[in-house]
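Participant:
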Amino acid sequence: MMLIAYFLGAFAFIGGIGLTISSAWLITMASMQPPILTLSVAIVLVRFFGIFRSIARYSERLVSHKAVFSRLTALRVSIYSKLSQSSIAIAKSFNSGTAVKSIVDDVERAQEYQLRIKLPHSSAAISLVAGALLAYWVRPESLVFTLPICALLLAIFPALIKRSSQPIARDIEKSENSYTQLLEGSIHGVTEAAIYGYLHENIKRTKALEVAIRAKEARLLQASWRFSALTNLLIALSVVGFAWLAMSLTQKQSLPAVQVTMLIFIPLVIFEAITAWYPNLFGSGKLLMSQQSVDALIGAPREEQVGADLDSPITQITATNITVAWGDEFMEPTSFDVQKGELLVIRGRSGSGKSTLVMGLLGLLPYKGGLAFDGRAADSYSDFKARIVGTVQRSHIFNTSLRENLRIANQNVTDAEIISVLTLLELDQLLHELAQGLDTLIGDFGRIISGGEAKRLSVARVLLAEADVYIFDEPTEHLDEQLAQRIEKGITRRLADKITIVVTHSGWESIDKTLTMKR
Numbered sequence: 001m002m003l004i005a006y007f008l009g010a011f012a013f014i015g016g017i018g019l020t021i022s023s024a025w026l027i028t029m030a031s032m033q034p035p036i037l038t039l040s041v042a043i044v045l046v047r048f049f050g051i052f053r054s055i056a057r058y059s060e061r062l063v064s065h066k067a068v069f070s071r072l073t074a075l076r077v078s079i080y081s082k083l084s085q086s087s088i089a090i091a092k093s094f095n096s097g098t099a100v101k102s103i104v105d106d107v108e109r110a111q112e113y114q115l116r117i118k119l120p121h122s123s124a125a126i127s128l129v130a131g132a133l134l135a136y137w138v139r140p141e142s143l144v145f146t147l148p149i150c151a152l153l154l155a156i157f158p159a160l161i162k163r164s165s166q167p168i169a170r171d172i173e174k175s176e177n178s179y180t181q182l183l184e185g186s187i188h189g190v191t192e193a194a195i196y197g198y199l200h201e202n203i204k205r206t207k208a209l210e211v212a213i214r215a216k217e218a219r220l221l222q223a224s225w226r227f228s229a230l231t232n233l234l235i236a237l238s239v240v241g242f243a244w245l246a247m248s249l250t251q252k253q254s255l256p257a258v259q260v261t262m263l264i265f266i267p268l269v270i271f272e273a274i275t276a277w278y279p280n281l282f283g284s285g286k287l288l289m290s291q292q293s294v295d296a297l298i299g300a301p302r303e304e305q306v307g308a309d310l311d312s313p314i315t316q317i318t319a320t321n322i323t324v325a326w327g328d329e330f331m332e333p334t335s336f337d338v339q340k341g342e343l344l345v346i347r348g349r350s351g352s353g354k355s356t357l358v359m360g361l362l363g364l365l366p367y368k369g370g371l372a373f374d375g376r377a378a379d380s381y382s383d384f385k386a387r388i389v390g391t392v393q394r395s396h397i398f399n400t401s402l403r404e405n406l407r408i409a410n411q412n413v414t415d416a417e418i419i420s421v422l423t424l425l426e427l428d429q430l431l432h433e434l435a436q437g438l439d440t441l442i443g444d445f446g447r448i449i450s451g452g453e454a455k456r457l458s459v460a461r462v463l464l465a466e467a468d469v470y471i472f473d474e475p476t477e478h479l480d481e482q483l484a485q486r487i488e489k490g491i492t493r494r495l496a497d498k499i500t501i502v503v504t505h506s507g508w509e510s511i512d513k514t515l516t517m518k519r
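The numbering of the sequence shown is full-length UniProt numbering, which starts it at 1 and goes up by one.
(1) Contact between the segment 175-188 and the segment 196-212 is defined here as three or more beta-carbon pairs at a separation below 8 Å; is this criterion met?
(2) Can you tell me where the beta strand (DSSP E) with LEU152 in it begins and where it stops?
(3) Going by DSSP, what residue range makes up the alpha helix (DSSP H) through TYR179?
(4) Quick check on TRP225: buried or exposed, where buried means 16 or more other Cβ atoms within 10 Å of its Cβ?
(5) Looking at VAL138: is its Cβ nearer than 8 Å to the Cβ of MET262?
(6) Is SER401 helix, strand or coil when you go by DSSP?
(7) At the level of alpha carbons, what is the spacing between PHE271 and ARG219?
(8) If you compare alpha carbons, which of PRO148, GLU210 and TYR6 is closest to SER178?
(9) Can you have a look at MET1 and say buried or exposed, based on whether 16 or more other CB atoms are within 10 angstroms of its CB?
(10) Does ASN232 pass the burial test, meaning 16 or more other C-beta atoms within 10 Å, or should it be called exposed?
(11) When you compare the segment 112-127 with the segment 280-288, are there three or more beta-carbon pairs, one atom per stretch, that lie closer than 8 Å?
(12) Please state the DSSP three-state secondary structure of TYR198.
(13) DSSP puts ASP428 in a beta bridge; with which residues?
(14) Return the CA-CA distance between LEU255 and GLU217, expressed in angstroms with no decimal places.
(15) Are the segment 233-246 and the segment 136-151 touching by the rule of at least three beta carbon pairs closer than 8 Å?
(16) Straight-line CA distance for ARG214 to ALA276?
(17) Quick check: is the beta carbon of ILE449 nearer than 8 Å to any beta carbon in chain B?
(18) Give the straight-line distance between the Cα atoms of ILE17 and LEU230, rounded to the nearest whole angstrom.
(19) Determine the direct distance from the alpha carbon of LEU371 to that of LEU457, and round the result to whole angstroms.
(20) Going by the CB atoms, is the gap between LEU344 and LEU515 shorter than 8 Å?
(21) The alpha helix (DSSP H) spanning TYR136 covers which residue range?
(22) When you compare each of LEU128, SER352, SER506 and ALA496 to GLU474 by their alpha carbons, which one comes out closest?
(23) Measure the C-alpha to C-alpha separation of GLU60 and PHE398 and round it to an integer number of angstroms.
(24) Span of the beta strand (DSSP E) holding ARG116?
(25) With three or more C-beta pairs closer than 8 Å as the rule, is the segment 421-428 touching the segment 346-365?
(26) What is the rounded straight-line gap between the Cα of LYS513 and the Cα of ARG403?
(27) Return the first residue and the last residue of the beta strand (DSSP E) that residue 523 is part of.
(28) Since GLY15 and ARG53 are thought to touch, with beta carbons under 8 Å apart, how far apart are those beta carbons, to the nearest angstrom?
(29) Pull up the DSSP beta-bridge partners for MET517, would you.
(30) Pick helix, strand or coil for ASP328, following the three-state DSSP scheme.
(31) Could you tell me the alpha carbon to alpha carbon distance between ARG461 and ALA5, rounded to whole angstroms?
(32) Which value, in whole angstroms, describes the spacing of the CA atoms of ALA416 and ASP337?
(33) Which residue wins for smallest C-alpha separation from ALA236, given the options GLN251, LEU268 and ALA212?
(34) Please tell me whether ILE499 and VAL459 are closer than 8 Å, where the distance is taken between their beta carbons.
(35) Sorted by chain position, which residues of the same chain lie with C-beta nearer than 8 Å to ILE487's C-beta, five sequence neighbours on each side aside?
(36) If you reduce the DSSP assignment to three classes, tell me which class GLY18 lands in.
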């Protein structure tokens, strides 16, 4: 489909050439005051090329954008599919800032490369060759000018522009990424920075990076200015050259006035595609870098999903000398057994790997050792992640309504079920305080949620999910002792016929089994 867009874009420029040349022909012929029938061909051509250009440009926009948006959708689906089928350890290859940039910004820029660089390049090449052929048809001697100019504008100049501008553009892109990460870190730590008196240091580093980026952008602008000046000079020389050719031919022989006019107007219009392509070429380094970033993300090894589907609820989990790690291993091999209707509490000092173990049980990190469901190895199942739900150490509150924050766990849950779980977690008072109830926006751009409320909302998500195994990482953190005890009892009652695993430092005394982890 993009190939069709290339030709449609070229046809739009060719239509512009035809419109200008036929208009010049019409004006020149009309100045001689011939019979109206003599002008009819020129009149028809002017109308034809005007309509043709509009149709070609409109069609090119439709076809090219449809092709790019289709590719953009396919690319996003491919990246999401790859990330969803990979362990969360893939995040170690890039931090959160660059991850978001790769998934959002770079994906869009990679498609912009098709629209801003490849499409104009192809259209310019086709239309410029067509213009050169038209000039040859008018006067074969015009090849003396069109051949070297086409070579310079389509091959030599672009190569020189890429060589000088792309490294600078890439360097600017890297600096902007660093600036984004620095700014993100400064914003998240602004309160502590203000308290401990190093806020000015953060601002100083940010300003220094801004100055460096401005200096690099100035270098890019200088390179752009030099090549823009050379390009305009070359186009101006072509106009002068064609005018000189027309004059010299007129002195040697009698040229029709229409032919002279066409020789004058051809260099004025055949370079329109070049002027549309070159400005984007100066910043192509950023677009190429985005394309390479997306290619690297897509090209990362895919974790194969193999195994059978679970055909019955999980009633027993057995771990034998299991270890889980983000990178370097630090956990002591751990073993436990928990069955349906039992509550396993995992304790241990900070840093012993409790939360990391939870990530492994949730299928978010790879593990070593034995992990079995109902006596069969976990890795022999392909869908066990759908049967296990849980909270993580730092749960996220999305910038959307309270209802949608909770429906993430179960799209079929009703408002009555949501209110029931909120009541169990004693968040009904919060619900009453919200002016729009479940429709109230929460998160960074909505109603501010306290640490204890955010923790309980993450627990509510888990309780609303339909699963066989429920895992909670510090579910009563930030809560006073009495409230924590009431919530512990409520969770235990609700999940009495499920497998429940709780990571905690305190509380949860009425339990079936305890696992103490060491490092």
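Just so it is clear, CB atoms sit at the ideal spot from N, CA and C, and this is done for glycine as well.
Facilitator: The answer reads as follows:
(1) yes
(2) Per DSSP, LEU152 belongs to no beta strand (DSSP E) and is neither H nor E.
(3) 157-188
(4) exposed
(5) yes
(6) strand
(7) 26 Å
(8) GLU210
(9) exposed
(10) exposed
(11) yes
(12) coil
(13) Note: ASP428 sits in no beta bridge, so no partner.
(14) 51 Å
(15) yes
(16) 25 Å
(17) No chain B is present in this structure, which holds just one protein chain.
(18) 23 Å
(19) 29 Å
(20) yes
(21) 119-138
(22) SER506
(23) 39 Å
(24) From DSSP, ARG116 is part of no beta strand (DSSP E); its letter is neither H nor E.
(25) no
(26) 34 Å
(27) The structure shown has nothing for residue 523, since the chain only spans 1 to 519.
(28) 3 Å
(29) GLY348
(30) coil
(31) 47 Å
(32) 35 Å
(33) LEU268
(34) no
(35) LEU424, LEU425, GLU426, ARG456, VAL459, PRO475, THR476 and LEU479
(36) helix
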